[in-house]
Ligand code: SF4
């Protein structure tokens, strides 16, 4: 099976054509440097994504706090991660970069605040 993708390792954005067998990369064409093959292999065999979402708050200046993981997590865990975030309520002020959930879901990534959020005035 052929799979088309765009390499995002640099601004050139090469259009790659990956030959895929099951969950394995068999071949790749279209890359202008070796990083393209590495990108295609990772994207086919173990895709990762940074989770970006919001957490509900209580008695703080905004009802929702924007958050993200501080590094990519397995794409296959995104739904579980979103469900876990939906169960959270933040009750204390935070600064940008504050850790909201360390080692989030045991994925070796922290969930962090992406803006300051103070108490409700
Ligand atoms: S294959 Fe190489 S040149 Fe092309 S986008 Fe990826 S990193 Fe950039």
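Numbering (the numbering used here), first residue to last: 319 to 439. We put the beta carbon where it would ideally sit given N, CA and C, even for glycine.
Opposing strand residues paired with residue i [DSSP bridges]
{"i": "residue 430", "result": "386 and 417"}
{"i": "residue 373", "result": "383"}
{"i": "residue 346", "result": "336"}
{"i": "residue 425", "result": "Answer is none; residue 425 lacks a bridge partner."}
Simplified DSSP assignment, three categories, for residue i
{"i": "residue 339", "result": "strand"}
{"i": "residue 323", "result": "strand"}
{"i": "residue 366", "result": "strand"}
{"i": "residue 411", "result": "coil"}
{"i": "residue 378", "result": "strand"}
Whole-number beta carbon distance between residue j and residue i, since they are thought to touch under 8 Å
{"i": "residue 378", "j": "residue 435", "result": "5 Å"}
{"i": "residue 341", "j": "residue 362", "result": "7 Å"}
{"i": "residue 372", "j": "residue 384", "result": "5 Å"}
{"i": "residue 375", "j": "residue 407", "result": "7 Å"}
Option in the options with minimal Cα separation from residue i
{"i": "residue 437", "options": "328, 421 and 380", "result": "380"}
{"i": "residue 433", "options": "417, 422 and 423", "result": "417"}
Task: Neighbouring residues (CB closer than 5 Å to any heavy atom of the ligand SF4) - done: Cβ-based neighbours of the ligand SF4 within the cut-off: 325, 327, 328, 330, 332, 349, 350, 351, 353 and 354.
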